[in-house]
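Read through the structure below, which is laid out as structure tokens, and then see the notes.
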Amino acid sequence: MAQGAAFADACADGAVVMAIRFEGLENTKSRVVERELLNKVGETFSSVKFEAEKRKLQDLDLFTEINVRCETASVAGASAGVPSVTVVYAFQEIFRWIPAPAGKVTDRDGLMIGLAFANLNLAGEDIRAEVQYRTAIDPIFNNNEYAFYASSPYLFGLPLGWNFEFLRTDSWDDIRGFEDASWLFDLDLDWALFQHFSVLATGAYRYLEGGYGSLPEYGAGFAIDYRDAELDTRKGVYYEYMMTHVGAGKGSNGKGENYWELLNDARAYFTLNRFVTGATALFRYRPGTVNFYDYYYHGGVNTFRGHESDSIHVGVHEVMLTLEERFVLIDRKAFSIAGVNLFYGVQLVVGLDGNLLWDKGRPGWDNYEGAVYGGVHLVIPALDRIRLEVGYSPDKGEPVFHFGLYDKTISARWRSR
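Shown next as structure tokens:
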């Protein structure tokens, strides 16, 4: 540090940023952080920009703490009375390697447990890779999954987000009544064409044993995203439209598929002090031939919190509406255990679920269900959140306890696989 320079506890708005420096990036390459910054060299520092970029950096799920301070230049180094500063971003990285128990909660299989080995920041490039084995606990070892996941928001420095999934499933589907012995290879792409606009593409190959045949999938769409963060969103809106074709005809048992899926996914969030209001809508319409093994089902922590999933509440098309109020009881806090850096937060939630599920034509009121729910969410790394919720539907007439992982907007999109 040059002679005459000093540290300031906080960066003052309006100070000219002469340089930017990072501290604590032991496993993360600097370009991963640089592409998320809003404060730039040669511009004046803004605390509003820092709060926005902090949310973006937290969204990477790589850090437990992100702080900023300034090194102010000497008076001689200042220009026309405006201070010049070096902005120092200090990071505490989250754990990188995770040999740990694996968990998943589905409405079909309930709680699944097993083993996982993951790297949240492969090569320091914000690439997440994970292998997992999971089995349902009731009955144990009867329903099994083997999975490999890899994803990143960038590809070779380009804003091309990608997510690859391999999933081997061997389990009895008691909702739709068949042995789900299947193989799935899936690749999703998200090209950030503009700041808030992305072009989406998907391609997948699914093979169902038992004569159901091969089910290739391909699709395209777009997303408009003004959220402050993807994980634990506090404000902003998101809209996605996807059109996907599934299937190529009949399997050897005559039960193949050939249909289009038209998807609309809309989300809006607003924050006032510690209260976060969220309204979400997921609409999926499927013209064509859809067979029973791909019917949607409603019931459970990932779909409708008024009852458990069952073979009665199944259908070809669906609408899921949710209005949720979250109270941030404990905002994100960092802590360490045996040198492993983690964070946690606690939120209290109440909400309303309104769902439509039908097979043909237009839905009616007999296809509608409504429920109220409440509970506690524990915000954690890697899994986004653990959800402990109790739902109640007037049609069911009794409360139902639900345990879930991830935000419902994420798990609702996954549940059909």
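Sequential numbering of the sequence shown, starting at 243, is according to my numbering.
We treat Cβ as the ideally placed atom computed from N, Cα and C, and that holds for glycine.
Where residue i falls, given that 16 or more other Cβ within 10 Å makes a residue buried
{"i": "Gln589", "result": "buried"}
{"i": "Ala318", "result": "Reliability fails at Ala318, whose pLDDT of 47 lies under 50, so the model's placement of it is uncertain and no value is given."}
{"i": "Ser424", "result": "buried"}
{"i": "Glu387", "result": "buried"}
{"i": "Asn309", "result": "exposed"}
{"i": "Ile417", "result": "buried"}
{"i": "Ile336", "result": "buried"}
{"i": "Met702", "result": "Lying outside 243 to 659, the shown extent of the chain, residue 702 is not represented and no answer is given."}
{"i": "Tyr272", "result": "Rather than Tyr, the amino acid found at residue 272 in this sequence is Ser. Exposed: under 16 other Cβ atoms inside 10 Å."}
{"i": "Ala701", "result": "Since the first residue of the chain shown is 243 and the last is 659, residue 701 is not available in this structure."}
{"i": "Val207", "result": "Look at the range of the chain in this structure, 243 to 659, and you will see that residue 207 is not part of it."}
{"i": "Val582", "result": "exposed"}
{"i": "Phe585", "result": "buried"}
{"i": "Asp637", "result": "exposed"}
{"i": "Ala254", "result": "exposed"}
{"i": "Gln437", "result": "exposed"}
{"i": "Arg516", "result": "exposed"}
{"i": "Leu598", "result": "buried"}
{"i": "Pro395", "result": "buried"}
{"i": "Tyr511", "result": "buried"}
{"i": "Asn384", "result": "exposed"}
{"i": "Glu451", "result": "exposed"}
{"i": "Lys296", "result": "buried"}
{"i": "Ala261", "result": "exposed"}
{"i": "Gly542", "result": "buried"}
{"i": "Gly633", "result": "buried"}
{"i": "Glu503", "result": "buried"}
{"i": "Ala252", "result": "exposed"}
Close beta carbons around residue i, own chain, < 6 Å, minus the five adjacent residues each side
{"i": "Gly256", "result": "Thr286"}
{"i": "Gly284", "result": "none"}
{"i": "Glu482", "result": "Ala465, Asp507"}
{"i": "Pro325", "result": "Ala257, Thr314"}
{"i": "Tyr535", "result": "Arg418, Phe420"}
{"i": "Phe331", "result": "The question names Phe, but residue 331 is Tyr in the sequence shown. Excluding sequence neighbours, Tyr331 sits near Phe264, Val310."}
{"i": "Leu435", "result": "Val441"}
{"i": "Tyr375", "result": "Gly356, Leu357, Tyr388"}
{"i": "Lys298", "result": "Glu278"}
{"i": "Arg568", "result": "Val518, Gln589, Val591"}
{"i": "Gly403", "result": "Pro395, Asp432"}
{"i": "Ile369", "result": "Ser394"}
{"i": "Val373", "result": "Phe359, Phe390"}
{"i": "Gly399", "result": "none"}
Close Cβ partners of residue i (< 7 Å) along its chain, the five nearest in sequence each way excluded
{"i": "Glu472", "result": "Asp301"}
{"i": "Leu630", "result": "Gly617, Val618, Phe645"}
{"i": "Glu499", "result": "Leu457, Val488, Gly489, Thr531, Val532, Asn533, Asp536"}
{"i": "Glu566", "result": "Gly520, Val591, Gly593"}
Identified DSSP bridge partners for residue i
{"i": "Tyr481", "result": "Ile466, Ala508"}
{"i": "Asp415", "result": "Phe420"}
{"i": "His559", "result": "Trp600"}
{"i": "Gln437", "result": "The partner list for Gln437 (beta bridge, DSSP) is empty, contrary to what the question assumes."}
{"i": "Pro660", "result": "Outside the modelled stretch of the chain, which goes from 243 to 659, sits residue 660, for which no answer is possible."}
{"i": "Asp430", "result": "Asn405, Thr444"}
{"i": "Thr564", "result": "Thr522, Asp595"}
{"i": "Tyr582", "result": "Here residue 582 turns out to be Val, not Tyr, going by the sequence shown. Val582 is bridged to Ile579."}
{"i": "Leu514", "result": "Phe517"}
{"i": "Asn533", "result": "According to DSSP, Asn533 bridges with nothing at all."}
{"i": "Ala257", "result": "Ala257 pairs with nothing; no bridge assigned."}
{"i": "Phe569", "result": "Phe517, Leu590"}
{"i": "Val330", "result": "Arg263, Arg311"}
{"i": "Thr486", "result": "Gly461, Glu503"}
{"i": "Glu335", "result": "Phe305"}
Proximity test, residue i beta-carbon vs the ligand COA heavy atom, cut-off 7 Å
{"i": "Arg574", "result": "No copy of the ligand COA occurs in the structure displayed, which carries no ligand at all."}
Own chain partners of residue i with C-beta closer than 8 Å, once the 5 adjacent residues on each side are dropped
{"i": "Val678", "result": "Limits of the chain in this structure are 243 at one end and 659 at the other, which puts residue 678 out of reach."}
{"i": "Asp415", "result": "Arg350, Glu421, Asp422, Tyr535"}
{"i": "Ala654", "result": "Leu524, Asn544, Thr545, Met562"}
{"i": "Arg469", "result": "Thr475, Lys477, Gly478, Val479, Tyr480, Arg509, Tyr511"}
{"i": "Ile652", "result": "Asp626"}
Assess contact between the stretch 541–556 and the stretch 642–654, defined as three or more Cβ pairs (one per stretch) separated by less than 8 Å. Is contact present? yes
Any contact between the stretch 408–415 and the stretch 388–396? By contact I mean 3 or more CB pairs, one from each, below 8 Å. yes
Runs of beta strand (DSSP E) wholly within the stretch 586–653 (minimum 3 residues, chain order): 610–622, 626–634, 642–647
For a minimum of 3 consecutive residues, which ranges assigned as the beta strand (DSSP E) are wholly contained in the stretch 261–316? 305–314
Inter-stretch contact at 8 Å, needing at least 3 Cβ pairs: the stretch 359–373 / the stretch 608–619: no
What runs of the beta strand (DSSP E), each 3 residues or longer, lie entirely inside the stretch 362–410? 369–379, 382–394
Check whether the stretch 525–532 touches the stretch 568–577, taking contact to mean three or more Cβ pairs, one atom from each stretch, closer than 8 Å. no
Could you tell me whether the stretch 616–628 touches the stretch 598–607, where touching means 3 or more Cβ pairs closer than 8 Å? no
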